[in-house]
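Residue numbers (my numbering), protein chains in the order written: chain S, 350 to 462; chain H, 3 to 116. The next block holds one structure in the form of structure tokens; read it before the comments.
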Amino acid sequence: DQQVKQNSPSLSVQEGRISILNCDYTNSMFDYFLWYKKYPAEGPTFLISISSIKDKNEDGRFTVFLNKSAKHLSLHIVPSQPGDSAVYFCAAGDDTGRRALTFGSGTRLQVQP
Amino acid sequence: KAGVTQTPRYLIKTRGQQVTLSCSPISGHRSVSWYQQTPGQGLQFLFEYFSETQRNKGNFPGRFSGRQFSNSRSEMNVSTLELGDSALYLCASSLDGRDNSPLHFGNGTRLTVT
Numbered sequence: 350d351q352q353v354k355q356n357s358p359s360l361s362v363q364e365g366r367i368s369i370l371n372c373d374y375t376n377s378m379f380d381y382f383l384w385y386k387k388y389p390a391e392g393p394t395f396l397i398s399i400s401s402i403k404d405k406n407e408d409g410r411f412t413v414f415l416n417k418s419a420k421h422l423s424l425h426i427v428p429s430q431p432g433d434s435a436v437y438f439c440a441a442g443d444d445t446g447r448r449a450l451t452f453g454s455g456t457r458l459q460v461q462p
Numbered sequence: 003k004a005g006v007t008q009t010p011r012y013l014i015k016t017r018g019q020q021v022t023l024s025c026s027p028i029s030g031h032r033s034v035s036w037y038q039q040t041p042g043q044g045l046q047f048l049f050e051y052f053s054e055t056q057r058n059k060g061n062f063p064g065r066f067s068g069r070q071f072s073n074s075r076s077e078m079n080v081s082t083l084e085l086g087d088s089a090l091y092l093c094a095s096s097l098d099g100r101d102n103s104p105l106h107f108g109n110g111t112r113l114t115v116t
């Protein structure tokens, strides 16, 4: 039973445009959400997080939106750059284990120059 | 500041053997977590250690175990290896285990079981 789902395995975007990566979750106990980026042969790199008490968090070109009623979150990258090409994972946690994150299956983003 | 260091990067073992993987967290980080990444199951939580105590455990068999030392360095051990244990094993550290400080991952150990 996948509690965190990334339904799009891949996404292709033109440089300079917006990239929108989506993530759905089923466990209503999740109250902390994160996005990680992963390049080949490297570990995941933390990008941005959001607590369930917020519906938006921004950090430079990255914005995460959380819709608790829909159990949906999204990552917006504006403007997209070729160096953003990587696999993006969303992850969720609850207060029983902040380090026991549940990860989605990932979305491969390709930013075309 | 040095990142999370995992050794070795690659490992090839035979079914039935046992293996030990090592992780050095970022200096000052006291929580160490381990994850397994496979193509079929994705990233899955193994366990978390804080102050030399296992604080949380994922849904893995008892063949998977770990420990943490007083300097926060951690090891994980897999006994009686099976072909399905072939995976990328990722270690992650964070400042504390209870707050919302994010996990910082190492580059992993790629284990191949033949």
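We put the CB at the ideal spot given by N, CA and C, even for glycine.
- Taking a C-beta distance under 8 angstroms as the contact criterion, S:S368 and S:S429 qualify as a contact pair.
- The residues R17, V115, in chain order, have a CB closer than 7 angstroms to that of H:L85 in the same chain once the five nearest residues on each side in sequence are set aside.
- Residue contact check for S:F395 against chain H: a CB pair falls below 8 angstroms.
- By the C-beta density criterion, S:K405 is exposed, having fewer than 16 other C-beta atoms within 10 angstroms.
- Residues of chain S whose Cβ lies closer than 8 angstroms to the Cβ of H:N109 are, in chain order, A390, E391, G392.
- For S:S454, a Cβ of chain H is located within less than 8 angstroms of the residue's own Cβ.
- About 14 angstroms separates the beta carbon of H:S88 from that of H:R65, a gap too long to meet the 8 angstroms contact definition.
- Proximity of the stretch 7–15 of chain H to the stretch 453–461 of chain S falls short of the contact definition, fewer than three beta-carbon pairs being nearer than 8 angstroms.
- Using a Cβ-Cβ cut-off of 8 angstroms, H:S76 does not count as an interface residue toward chain S, since no Cβ of chain S sits closer than that to its own.
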